[in-house]
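Residue numbers (this note's numbering), protein chains in the order written: chain A, 459 to 837; chain B, 19 to 316; chain C, 755 to 1031. Every residue gets a Cβ at the ideal spot worked out from N, C-alpha and C, and that includes glycine. Every value quoted in this text rests on a predicted model; they were computed, and no experiment measured them. One structure is given here, and the rest of the page talks about it.
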Amino acid sequence: MAQPGNKPVFAPWNDPHQKPLIQFKNVTKRFGDFVAIDDLTLDIYAKEFFALLGPSGCGKTTLMRMLAGFENVTRGEILLDGQDIARVPPNKRAVNMMFQSYALFPHLSVANNIAFGLKRSSMPKEKIPARVEEMLRLVHLEQFANRKPHQISGGQRQRVALARSLAKAPKLLLLDEPLGALDKKLRQDTQFELMDIQEKTGTTFVIVTHDQEEAMTVASRVAVMDNGRMIQVDTPDRIYETPNSVYVADFIGDVNLIKGRIESSGGDNYTIQWAEGQAPITAAGPQGLTSGTSCHFAIRPEKVAISAEKPTDRSNALQGKILDIAYLGNVSTYHVELANGQIIKAQVANNRRISRRDMTWDDNVWVSFTDTAGLVLLK
Amino acid sequence: MNFRRLFLIATPYFWLLALFLIPFLIVLKISLSDPAVSIPPYTPTLDLSAGWGSIKTFFTELDFENFIFLTEDALYWKAYLSSLQIAAISTFLALLVGYPIAYAMAQASDSWRPTLMMLVILPFWTSFLIRVYAWIGILSNEGFLNQLLQWIGLINEPLTILNTNAAVYIGIIYTYLPFMVLPIYSALEKMDESLIEAAEDLGCSRLSAFWLVTFPLSRPGMIAGCFLVFIPALGEFVIPSLLGGSGTLMIGKVLWEEFFNNRDWPVASAVAVVLLLILIIPIILFQRNEQKQREADQ
Amino acid sequence: MNRKFTLFNATSLTLGFAFLYLPMLILIIYSFNASKLVTVWAGFSTRWYGELLQNDAFLDAAWVTIKVAAMSSTLAAILGTMAAYVLVRGGRFMGRTLFSGMIYAPLVMPEVITGLSLLLLFISIGLDRGIFTIVLAHTTFSMCFVSVVVSSRLVTFDKSLEEAALDLGCSPLDAFVSVTLPIIAPAVISGWLLAFTLSLDDLVIASFTTGPSATTLPMKIFSSVRLGVSPEINALSTIMISIVTVGVITASLISKRSIARKQGEERTAATVDASAA
Chain A
459 MAQPGNKPVF
469 APWNDPHQKP
479 LIQFKNVTKR
489 FGDFVAIDDL
499 TLDIYAKEFF
509 ALLGPSGCGK
519 TTLMRMLAGF
529 ENVTRGEILL
539 DGQDIARVPP
549 NKRAVNMMFQ
559 SYALFPHLSV
569 ANNIAFGLKR
579 SSMPKEKIPA
589 RVEEMLRLVH
599 LEQFANRKPH
609 QISGGQRQRV
619 ALARSLAKAP
629 KLLLLDEPLG
639 ALDKKLRQDT
649 QFELMDIQEK
659 TGTTFVIVTH
669 DQEEAMTVAS
679 RVAVMDNGRM
689 IQVDTPDRIY
699 ETPNSVYVAD
709 FIGDVNLIKG
719 RIESSGGDNY
729 TIQWAEGQAP
739 ITAAGPQGLT
749 SGTSCHFAIR
759 PEKVAISAEK
769 PTDRSNALQG
779 KILDIAYLGN
789 VSTYHVELAN
799 GQIIKAQVAN
809 NRRISRRDMT
819 WDDNVWVSFT
829 DTAGLVLLK
Chain B
19 MNFRRLFLIA
29 TPYFWLLALF
39 LIPFLIVLKI
49 SLSDPAVSIP
59 PYTPTLDLSA
69 GWGSIKTFFT
79 ELDFENFIFL
89 TEDALYWKAY
99 LSSLQIAAIS
109 TFLALLVGYP
119 IAYAMAQASD
129 SWRPTLMMLV
139 ILPFWTSFLI
149 RVYAWIGILS
159 NEGFLNQLLQ
169 WIGLINEPLT
179 ILNTNAAVYI
189 GIIYTYLPFM
199 VLPIYSALEK
209 MDESLIEAAE
219 DLGCSRLSAF
229 WLVTFPLSRP
239 GMIAGCFLVF
249 IPALGEFVIP
259 SLLGGSGTLM
269 IGKVLWEEFF
279 NNRDWPVASA
289 VAVVLLLILI
299 IPIILFQRNE
309 QKQREADQ
Chain C
755 MNRKFTLFNA
765 TSLTLGFAFL
775 YLPMLILIIY
785 SFNASKLVTV
795 WAGFSTRWYG
805 ELLQNDAFLD
815 AAWVTIKVAA
825 MSSTLAAILG
835 TMAAYVLVRG
845 GRFMGRTLFS
855 GMIYAPLVMP
865 EVITGLSLLL
875 LFISIGLDRG
885 IFTIVLAHTT
895 FSMCFVSVVV
905 SSRLVTFDKS
915 LEEAALDLGC
925 SPLDAFVSVT
935 LPIIAPAVIS
945 GWLLAFTLSL
955 DDLVIASFTT
965 GPSATTLPMK
975 IFSSVRLGVS
985 PEINALSTIM
995 ISIVTVGVIT
1005 ASLISKRSIA
1015 RKQGEERTAA
1025 TVDASAA
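Structure follows, in structure tokens:
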């Protein structure tokens, strides 16, 4: 989340005095022989907008359903506000969920859907209509209170589902692919609305998504999962700029990956030998790597420059031939084939009109990058 | 939570155990007993109060005598064979009658199909007995069919249809036709219309497109329909006893008469057990066909 | 399907529906026949309806049948819905295969066997036979039909609706009563109707399981039909056919209209997103 300059940065995870709202402690979940969650430990703090990101089957939905109370924990414990919630049934948890299918009750009106949870809470009966009204206002659906779910559009249904799950003012709101059923344009608008509502209500949000752009947009922190494990938990910019593994680098955005071996080191800079007859790559990396360690060099296409002449101001320059140009409107991606067959993608902003482009297919070009543009990854 | 779940499972479970499974076990047991002139009219009866010894004699007295009797008396195996034959012939005829109806329904316009569907289902909701009864007045010697045929001049003497196997075929086809039409219709209805266009595009005539594409694709529906007619027709009682004659042998009727007229409970039970054994084969085949369909649909 | 409606199709539909409906039509027409001879038309008369209403045996039998059908279909709707819920949502439990076998077997079991086996049970436990035993018998086989109807609805039921109810504070029972039941209600009602019709219709099982005290309408019809066609039975059949026809047509019109309305509303609602985007 972008923070205005003089406001303190929202980063409770860096503050050792903060107590996390949710703690997963060595949680394992098995379905028969299948390990859905594998010895996972994770802290989520109050008021966070936390995104669980990963391919389908990575365990993110299971993690969320354990928080809601629909799945038991096989081993380990989950604490909510310091309390173990293993024995608390879903209807007694201060946690609400917004379902992927929205799960709006088709036989109840919009208002009654929102009131459904309130009627089963300790809220006095006479206060319920006011709360329903407040929720309808929050999601801009005041005129639709008496409609049935099938009488409103998909986008409106999504907002009713959100209002219903927020009505009981839960400590924690779980959102299972909340925007998955919307088309692209509506999804983008709704992302900002979600962030807005999260900020207004001050509720902790945990969102499950397979859409990396969505996770990057809305979340204060993103957890990348694979095979029931947390691969990396960090802020969106750090996930993108400093992925801790090939998996994360490859999963988030586009990346060039070059397999190689560390040859020598000089301070923070390493020389990586990666192919016969190609100049070694100079790159910064974590300290203390010994020579001979095999590694991957990862670099984002937009950090690779492309030029007809060999540049002199960059520490790495490789010669190749343009194989393909993917024109995407605002940017173009050049696929450059090096002499050993390795393909390097370079992304260039289209600041100029296309007719004045000076490079084309089969041109011999140089791709280049500085020694701090890429990353050395060990796993 | 667990008590509720137990209650939910146990209530229908025990109902079915008590009123479906146990009665059937009683049938099985009586089929292994001997007839007797007493109340109830069979022996041995199980007397649990007499302890282990009586349970042992009870089991040693059970035998397959009644089943052997079924094979020795020609009436029974002829009745089984003739039931199979009548059920098979009427199933085949129902397929011939039902397929064109289902095909035409599937080709009707979207606005017509719900109405046609309702027209096929409607007779199913009206009394089975009444529908069979309606044919008595039509098929009898002085009935409407004979009146019509004589009026046209096709025949001079009335045909004897009522109280023959032909009347039974007509009765079965008539009452079970919806069971044949609906599965075929649903198979044809979900067929992609571009398949026929593709076949014609690739050089098929309309007729060969039907024969090479539509017909094979409707086969699961036909198979389901055939089983849905064949299985109940095999144990049918009402139709042969109202429309059939004294020469019409069907096992449901034999069982009824054995029980109510001859009061031979052990033999009636044995007849029931064998009928069930015969039915198991088509039922398993039907289940397999349905299973295959479900898998293909996924 | 390739929708080309040909002469062949028109012919097969006409002949097919003539085959299905002419016998019943003839039955209805001749119930207004003045003559005692059923196949000879002797002018219009409602005489047989009058005689039918005077016939206490038929009226008693009709009353017994309706009582049996009402009780057994209600019991069957409750038990069948429970069974469907166990089948679809019950998870694993001891004897699950046996349970589902017992649900499906009565659907294909010949009536003579069901009737015989229940009679033998009632005799062996010394139960007095009458309305009560017919109700037990009818409930048993029709609950299986109800459970098939209801479970086919439950299979397509979005499970997250129940989870949402739990999530919003419902106990499992509350979730069933306030969310699941209202949504599957149409299936339960059609299951009830099916059970009611099956019970009204049944001759064989009722004949086996009844005692001297109770005679149902089908049993009464059967015993008089065995002696031949009678105009009174025609009148009775006409009444029964009319009730069913009116009922089914009304039900299908209602459901057709509500589906059409719902689709219309969904189409209108869907345009909102398009105009907002």
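C/V909 has a beta carbon lying at 7 angstroms or more from every beta carbon in chain B. Here the alpha carbon of A/K642 sits roughly 18 angstroms from the alpha carbon of A/N788. In this structure, the straight-line span from the alpha carbon of A/Y785 to that of A/T791 is close to 7 angstroms. Within the DSSP secondary-structure output, C/V902 pairs in no beta bridge. When C-alpha distances from B/N174 are compared across B/N181, B/L166 and B/L180, the shortest belongs to B/L166.
Taking a beta-carbon distance threshold of 7 angstroms, C/P940 does not count as an interface residue toward chain A. Chain C places a beta carbon closer than 7 angstroms to that of B/V45, counting this residue as a contact.
A/Y792 sits in a strand when the DSSP states are folded into three classes.
Rounded to whole angstroms, the Cβ separation of B/I191 and B/L303 is 21 angstroms, and the two are not in contact under 8 angstroms. Chain B has no Cβ within less than 7 angstroms of the Cβ of C/S1009.
Rounded to the nearest whole angstrom, the CA to CA distance from A/L776 to A/D695 is 28 angstroms. By the beta-carbon neighbour count (other beta carbons within 10 angstroms, threshold 16), A/K837 is exposed. Closest by C-alpha distance to C/G945, out of B/N164, B/S259 and B/W143, is B/W143. For the pair B/P30 and C/L872, the CB atoms are not nearer than the 7 angstroms cut-off. The Cβ atoms of A/V834 and A/A733 lie no closer than 7 angstroms to each other.
Against chain A, the CB of C/D912 has a partner CB under 7 angstroms away; the residue lies at that interface. When DSSP states are grouped into helix, strand and coil, B/V285 belongs to the helix group. Taken through DSSP and simplified to helix, strand or coil, A/W824 comes out as strand. Taking 7 angstroms as the threshold, the shortest C-beta distance from A/Q609 to chain C falls below it. In the structure shown, the three-state DSSP call for A/D684 is strand. Taking each of B/L230, B/F197, B/L177 and B/R237 in turn and checking the Cα distance to C/L774, the smallest one comes out for B/F197.
In this structure, C/S914 and C/A838 do not form a Cβ contact; the two beta carbons are roughly 19 angstroms apart against a cut-off of 8 angstroms. With 16 or more other Cβ atoms from the protein chains shown falling within 10 Å of its own Cβ, C/D956 counts as buried.
DSSP, read as helix, strand or coil, puts A/Y503 in coil.
About 6 angstroms separates the beta carbon of B/A286 from that of B/L273, a gap short enough to meet the 8 angstroms contact definition. The beta-carbon of C/L920 is placed less than 7 angstroms from the nearest beta-carbon of chain A.
Close to chain B, meaning a Cβ-Cβ distance shorter than 9 angstroms, are the following residues of the region 889-904 of chain C: L890, A891, T893, T894, F895, M897, C898 and S901. Looking at the DSSP output, A/P582 bridges to nothing. Under the 7 angstroms criterion on CB atoms, B/T193 is classed as non-interfacial with respect to chain C. Spanning the alpha carbons of A/N484 and B/F25 requires a straight line of approximately 37 angstroms. With distances taken between CA atoms, B/F76 lies nearest to B/K47 out of B/R23, B/L102 and B/K47. Annotated three-state conformation of A/G638 is coil, per DSSP. Excluding five sequence positions before and after B/E308, the CB atoms of its chain that fall closer than 8 angstroms to its own CB belong to A242, given in chain order. Exclusion of the five residues before and after B/A290 leaves V45, S49 and L273 as the residues of its chain whose Cβ lies within less than 8 angstroms of its Cβ.
Not one beta carbon of chain C lies nearer than 7 angstroms to the beta carbon of A/P628.
Per DSSP, C/P936 has no beta bridge partner at all.
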